[in-house]
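In the numbering used here, the protein residues as written are 1 to 573.
Listed below in structure tokens is the structure:
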């Protein structure tokens, strides 16, 4: 790709991180697969349509990952059946709500109920038109060069805190394999879960029996990426400069406020977020390119208090009508109690979408014009977001994305993917990133704190057992290899960062605690079965039934044993 035209002010990279934990087959409501169905209906399908519509007449480029664990769920036959059932149920509730509001003489809400009915019919029709293949719809965006598809760690494992090099390798190897299987291409970039990064240094487990005793040289994450051909990732500004993080979820989860603490000292305040860098740990050999999150544009879109989603005319997320759970109210104001919320007006909300798209593109143009003075034609704004923000949290978000793309060209802003930008402007300066994440406090405290320490004790214990067993099971021991494969799936699911996030934010604490306990317990039982096979016993009928049941419910990553074998060969730092 050539660089931006001479009359442009610079490049814009919109990054969308598309991820949900493994919930299919693990409950329905309020936590379970209905969460997946809500997000597909509310975010993924509307966003796919918005991008396709905008691309019909404008230059649209997004850099997007679909996490491997999410792709596995979206590709499962059970997902299609459950999703269609979910949408039809919502359709029925919209019809019932309309009759109820008609009987009560509430014409305004009756009209909104019928609007919901049309909306869900549209989602069913769209789902049918893509053959129920959401993964394929994302793949076709890439085929049309509307999207560049990255990958993510297999189950969104929090990579800096995993205690074994093999575990980091397994998360990444499974991710690359799953990406190739679903999207028919090898990923060039990766979204590091929670934007969490660890450089090369002597590391010791932060808790458990090995705390302070097992110091080992650990490689920087960029070294793992380079070995797998993953050439770039996204980082937060405070990992480049120092200082405090701009937490993406603080406005949505009040429990995070107490974690923010004191900002770390500013050590490199002049590093610009409006260019790309090469990243290499001190003493490391490999490097990777990194794009830096822009704080100004991120704040406008993430923040409910100071950004667009908190506008009084947008649909209120938290207030729902029961039965049915449909929403009929608008935000109204930042300090308005739920009982005082006013009725939603779709026309006024659509007007605000256009106003906010104008404002965002104007902000982009101003930032880039200023950055161009120092960065020249390489000036870039990188704005990364969770895909679920658009539609799920912020109902009007997909329409806003489309309106932004329609306005970029006239404003002199060129939409590019991360790969296109790096091809045109290979980074020259190499830096060492600080350790941390984009979470509150900028470090690991959202995922490792007093409420979650016990989860890491289970993870670390399972890692030690797994990698010892993985190296002992011979290739020809078919029953033992089958058990080992399911142990790998349970280990990967135990490592998912979502469980600690849900515990810390108290968003679904009981569910998260039950899930990590279940996977850890299954891992332990499977380890016992494998040990008995090593001792010469046959696979008993009860053990065979248990193994088959776990394989059915946790069906992920059919080639996981290939990745386990590769990870066993990971060298020390």
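Quick reminder that beta carbons are idealized off the backbone N, C-alpha and C, glycines included.
{"query": "Please confirm whether residue 553 and residue 25 have their CB atoms less than 8 Å apart.", "result": "yes"}
{"query": "Is it the case that the region 34–52 contacts the region 92–100, given that we only count it when at least three CB pairs across the two stretches are under 8 Å?", "result": "no"}
{"query": "Residue 533 and residue 480: beta carbons closer than 8 Å?", "result": "yes"}
{"query": "Got a sec? Which residues, its chain only, sit under 7 Å from residue 560 by beta carbon, not counting five neighbours each side?", "result": "174, 485, 488 and 489"}
{"query": "Comparing C-alpha positions only, which one of 54, 511, 195 and 475 sits nearest to residue 238?", "result": "195"}
{"query": "Starting from the Cα of residue 548, find the closest Cα among 495, 568 and 482 and give me that residue.", "result": "482"}
{"query": "Am I right that residue 281 and residue 432 are in contact with their C-beta atoms under 8 Å? What's the rounded C-beta distance?", "result": "6 Å"}
{"query": "What residue does the beta strand (DSSP E) around residue 636 start on, and which one ends it?", "result": "Given a span of 1 to 573 for the chain in the structure shown, any question on residue 636 remains unanswerable."}
{"query": "How big is the Cα-Cα spacing for residue 172 and residue 279?", "result": "18 Å"}
{"query": "Using 10 angstroms around the beta-carbon of residue 122, count the other beta-carbons present and answer buried if the total reaches 16, otherwise exposed.", "result": "exposed"}
{"query": "With the cut-off set at 8 Å, would you say residue 365 and residue 371 are in Cβ contact?", "result": "no"}
{"query": "According to DSSP, is residue 2 part of a helix, a strand, or is it coil?", "result": "Because residue 2 carries a pLDDT of 46, less than 50, the predicted location of this residue cannot be relied on, and the following value inherits that uncertainty. DSSP places residue 2 in coil when its eight states are reduced to three."}
{"query": "Which residue wins for smallest C-alpha separation from residue 608, given the options 320, 182 and 324?", "result": "In this structure the chain extends from 1 to 573, so residue 608 is not present and cannot be described."}
{"query": "Report buried or exposed for residue 575, applying the criterion of at least 16 other Cβ atoms within 10 angstroms of its Cβ.", "result": "Only positions 1 to 573 of the chain appear in the structure, and residue 575 is not among them; the question remains open."}
{"query": "Which residue comes first and which comes last in the beta strand (DSSP E) that contains residue 380?", "result": "380–386"}
{"query": "Leaving out five residues on either side along the sequence, give the residues of the same chain with a beta carbon under 6 Å from the beta carbon of residue 327.", "result": "315 and 320"}
{"query": "Given residue 147, which residues of its chain have a CB within under 6 Å of its CB, disregarding the five upstream and five downstream residues?", "result": "62, 64 and 141"}
{"query": "With DSSP collapsed to three states, give me the class of residue 96.", "result": "helix"}
{"query": "Report back the beta-carbon spacing between residue 192 and residue 134 to the nearest angstrom; my notes put them in contact at under 8 Å.", "result": "Residue 192 to residue 134, Cβ: 24 Å. No contact."}
{"query": "Can you give me the start and stop residues for the beta strand (DSSP E) that residue 504 sits inside?", "result": "Residue 504 -> not in any beta strand (DSSP E); alpha helix (DSSP H) instead, spanning 497–505."}
{"query": "Express the C-alpha separation of residue 333 and residue 143 in angstroms, rounding to a whole number.", "result": "42 Å"}
{"query": "Taking Cβ positions, are residue 229 and residue 199 nearer each other than 8 Å?", "result": "no"}
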